[in-house]
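Heads up: the sequence shown begins at 212 in UniProt numbering, then just goes up one per residue. Presented below is the structure to which this report refers.
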Amino acid sequence: VFDVLVVGGGPAGASAAVYAARKGLNTGVVAERFGGQVADTMSIENFISVKATEGPKLVAQLEEHVKQYDVDVMAGQRAAKVYRDQLLHVELQSGATLKAKSIILATGARWRNMNVPGEAEYKGRGVAYCPHCDGPLFKGKPVAVIGGGNSGIEAAIDLANIVEHVTVLEFADSLRADEVLIKKANSLSNVTIIKNAQTTEVLGDGKRVTGLSYTDRVTQQSHELTLAGVFVQIGLVPNTEFLKDSQVSLTQFGEIEIDNKGATSMPGVYGAGDATTEPFKQIIIAMGSGATASLGAFDYLIRHAQQ
Ligand code: FAD
212 VFDVLVVGGG PAGASAAVYA ARKGLNTGVV AERFGGQVAD TMSIENFISV KATEGPKLVA
272 QLEEHVKQYD VDVMAGQRAA KVYRDQLLHV ELQSGATLKA KSIILATGAR WRNMNVPGEA
332 EYKGRGVAYC PHCDGPLFKG KPVAVIGGGN SGIEAAIDLA NIVEHVTVLE FADSLRADEV
392 LIKKANSLSN VTIIKNAQTT EVLGDGKRVT GLSYTDRVTQ QSHELTLAGV FVQIGLVPNT
452 EFLKDSQVSL TQFGEIEIDN KGATSMPGVY GAGDATTEPF KQIIIAMGSG ATASLGAFDY
512 LIRHAQQ
C-alpha cells in the first residue's frame, strides 16, 4: 500500500513525488510516459534559474531527481479507474490494481491538433502551441494564430507585442472570444482576423515553416500566407477521461476541480498541473502545484490515515 500514489510523470507528478518522498512517505508514480509534454518540447527558456534548456534534457533531470529517492516509478502504465474501497484504488489498463492512502492526479493535458499536412512535420520548427513559451522565438516575424476563441485572440494580442504581424484564422463565421478581447485585437494595427478560413496545410522548406494555405469557406478559393510560425489555439484537452465515473468532480471542460491545497472533491485525492483548474499551464506552475498537492496530501495523511 502506497502512502502517496502519483498518477502522471510530467513536471507536476515528478515534483509531487519528490515532495512526498522527502516526507518519508512510501511513494509510487504511475505514468504512461515519463516527462509528459516536456518530452515533446524543443527549447525551454522560461524555467526560471535555467536560462535555456531542452525538453528531453529536463525530462532526464526530472527522472534523475525522482530516482534519487526511494520512489517506485511504474512507467508505461495507464490508469483506467480511481475508486475507494476502504483504501483508495487505481485500476490500471493492464488489469492490475494499486492501493494507496492518498492519490495525486497529475495526468496533464494535450493540445488539440489541426490534423492537416505539415503540422506534425513542423512541430517545434515553426508550428507552436504555447505563445508564452515560444512567442519570443518569432520576434519581428509574421505568424498566424489558428482559432478565434479566447485562447486564440489572447495569443494574437500577446504575440502582436513581439512579432511583426499576426493573422488570426477562424473556421466559423464569427469569433467565439469575449467581446473585450475582440475589441482589443481589432484595435491593433498588426493583427488581421480572417473568418470562414479552413487551414488546409502547413507549408515548409523541409527545415522550417514558410507559410500555410487555407480555403475561404464562402468562396471556396484557396489562399497562401507567408509565415515564420503557426500557433495552434484550438483547445487544450485535459487527460481526465478515466475519471468520468469517479467521485472526482470535473468542470464542463474536463478539468479536475481543486482547492488551494490541491484537494479534489474526493477525500484523500489531490490534483496538480495541466489536468486541473489551475488557470495557467506552464512547467514552473505545474511543478509548484505538484508540491502543493503533495503537501496537501501529507496534511491529509497525518490527520486521517491509519498507520
Ligand atoms: P504533462 O506534462 O502533460 O504530463 C502528464 C503525465 O501524465 C505524463 O507522464 C503522461 O504520460 C501521464 N498520463 C496521462 N494520462 C495518464 C493515465 N491515464 N495514466 C497514467 N499516466 C497518464 N511550458 C513552459 O513552461 N515552457 C515552455 O517552453 C513550454 N513549451 C511547451 C511546448 C510544447 C510543444 C507543449 C506541448 C507544452 C509546452 N509547455 C511549456 C507546457 C508544459 O509542458 C506543461 O504546462 C507541463 O508539462 C504540464 O505538466 P503536467 O505534469 O501537469 O502534465
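Every residue gets a Cβ at the ideal spot worked out from N, C-alpha and C, and that includes glycine.
*In angstroms, rounded to a whole number, what distance separates the CA positions of V402 and V249?*
30 Å
_As an exercise, report each continuous beta strand (DSSP E) stretch of at least 3 residues that is fully enclosed by the segment 302 to 341, in chain order._
308 to 316, 320 to 322
_On the DSSP letters alone, give me the boundaries of the beta strand (DSSP E) that G216 sits inside._
For the sequence presented, residue 216 should be read as Leu rather than Gly. Element bounds for L216: 213 to 218.
*Nonlocal neighbours in the same chain, by C-beta distance under 6 Å from G446, ignoring five residues either side*: R323
*asked:* Tell me the rounded alpha-carbon separation between residue 565 and A516.
replied: Here the chain has residues from 212 to 518 only, and residue 565 is not among them.
_Using 8 Å for Cβ pairs, my map puts Q444 next to A366. What's the rounded Cβ distance?_
5 Å
*asked:* If I measure Cβ to Cβ from G266 and keep anything under 7 Å in the same chain, skipping five residues before and after, which residues do I get?
replied: V249, A250, D251, T252, M253, I255
_If distances are taken between C-alpha atoms only, which option among I494, D485, V277, S260 comes closest to P449?_
D485
*Between the C-alpha atoms of K262 and Q493, what's the straight-line distance to the nearest angstrom?*
16 Å
*Hey, I393 and I364: beta-carbon distance below 8 Å or not?*
yes
*Please name the residue in R295, A383, V379 whose C-alpha comes closest to that of D456.*
R295
*asked:* Following a CB-centred definition, is R289 positioned closer than 7 Å to any heavy atom of ligand 1?
replied: yes
*Taking the alpha-carbon positions, what's the L423 to L414 distance?*
5 Å
*Span separating the alpha-carbon of R362 from that of L298*: Note that residue 362 is Ser in the sequence shown, not Arg. Using only the alpha carbons, I get a separation of about 40 Å.
*Do A396 and V420 come within 8 Å of each other at the CB atom, strictly closer than that value?*
no
*Using a threshold of 8 Å, state whether the C-beta atoms of R289 and E243 are closer than that.*
yes
_For R244, report the span of its beta strand (DSSP E) as first-last._
Careful: R244 lies outside any beta strand (DSSP E) and carries neither H nor E.
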